[in-house]
Amino acid sequence: MVVRPARTDDPHEVRRLYDVCLRTGADGEDATARYRAPRLLGEIYLGAYLALEPDLAFVLDDDGAGDDGAGDGPLGYVVGARDTAAFEARCEREWWPALRERHPRDAFPAGSPDDLLVRMIHAPGTTSAPWLDDYPAHLHVDLLPAAQGGGNGRRLLETLFDALRADGVPGLHLGVSEANVRAIGFYEHLGLRRLPTPEGLVLGLPLR
Ligand SMILES: CC(C)(COP(=O)(O)OP(=O)(O)OC[C@H]1O[C@@H](n2cnc3c(N)ncnc32)[C@H](O)[C@@H]1OP(=O)(O)O)[C@@H](O)C(=O)NCCC(=O)NCCS
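First residue of the sequence shown? That's 3 in our numbering, and the numbers climb one at a time after it.
Okay, here's the thing in structure tokens:
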């Protein structure tokens, strides 16, 4: 297994990463059966990072050594944004408009899982918190089951941490579902700690 920069200009690889996102998108479990539109999750949690912060996108590749049954390609990824507020502003200009055209508000039955994602595309949340200056970066990490539990999550995160440190970024945060107990244990084991937030669960890590 190798960790390498994502090939963000390779449509085959990008498709594969969207698939990894879907297959880990139900609190760490496979979300394929939950959504009618299989790319929506990736459009929200992956695509903008590949497009706008390509130098912070890394993948775990088995180097052609094996096949997990879903075809060749990376088994996982980490993506990040170095400055969350700037990233959100850039998404507003460069990422969401095309998706809003492609996915009108009434595209899916109200309240359905796809509808909830489409609502996020039309009204994405923004991050504002007193700790944002100290923890400005954020990330998403996902590994297919075949690649979990062997130190690969740690390797991906440490690769991103190094890239952010090299950039002088003082810290990072991430949001995680309370239901994803395994991921929370993983993040806390790597030193991330809870940050105050009015809703949900946000963990942070100083990088200096
Ligand atoms: C969460 C995830 C990224 C973790 O990656 P992983 O490869 O399974 O974890 P690793 O094997 O790299 O674990 C690294 C360290 O954390 C520890 N660890 C992992 N899970 C843990 C847990 N639940 N509780 C305590 N420690 C844990 C490991 O023992 C290991 O310790 P060591 O390096 O000191 O020996 C991965 O399981 C995954 O992608 N899950 C599905 C998608 C997901 O939930 N993504 C996160 C969404 S917020």
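All residues carry an ideal CB built from backbone N, CA and C; glycine is no exception.
{"Item": "Looking at the C-beta of Leu119, does it have a partner C-beta in chain D at a distance below 8 Å?", "Value": "The structure shown contains no chain D, having only a single protein chain."}
{"Item": "When every heavy atom of ligand 1 is checked, does at least one fall within less than 7 Å of the C-beta of Val171?", "Value": "no"}
{"Item": "Leu209 and Val80 - do their beta-carbons sit closer together than 8 Å?", "Value": "no"}
{"Item": "Verify the contact flag: Gly30, CB atom, against every heavy atom of ligand 1, threshold strictly below 7 Å.", "Value": "yes"}
{"Item": "Any idea if Pro76 is buried or exposed, counting beta-carbon neighbours within 10 angstroms, 16 or more meaning buried?", "Value": "buried"}
{"Item": "Here's a check: name, in chain order, each residue in its chain whose Cβ is nearer than 8 Å to the Cβ of Thr10, leaving out the five neighbours to either side.", "Value": "Val16, Leu52, Ala53, Pro56 and Ala59"}
{"Item": "Is the distance from the Cβ of Asp144 to the Cβ of Gly206 below 8 Å?", "Value": "no"}
{"Item": "May I ask you to list the residues that DSSP assigns as paired with Pro7?", "Value": "Phe60"}
{"Item": "For the beta strand (DSSP E) that contains Gly173, what are its first and last residues?", "Value": "Gly173 to Gly177"}
{"Item": "Along the alpha helix (DSSP H) that carries Asp164, what are the first and last residues, could you check?", "Value": "Asn154 to Ala168"}
{"Item": "So what does DSSP say about Arg18, is it helix, strand or coil?", "Value": "helix"}
{"Item": "Count the C-beta pairs between the region 177-190 and the region 15-31 that are closer than 8 Å, then say yes if the count reaches three, no if not.", "Value": "yes"}
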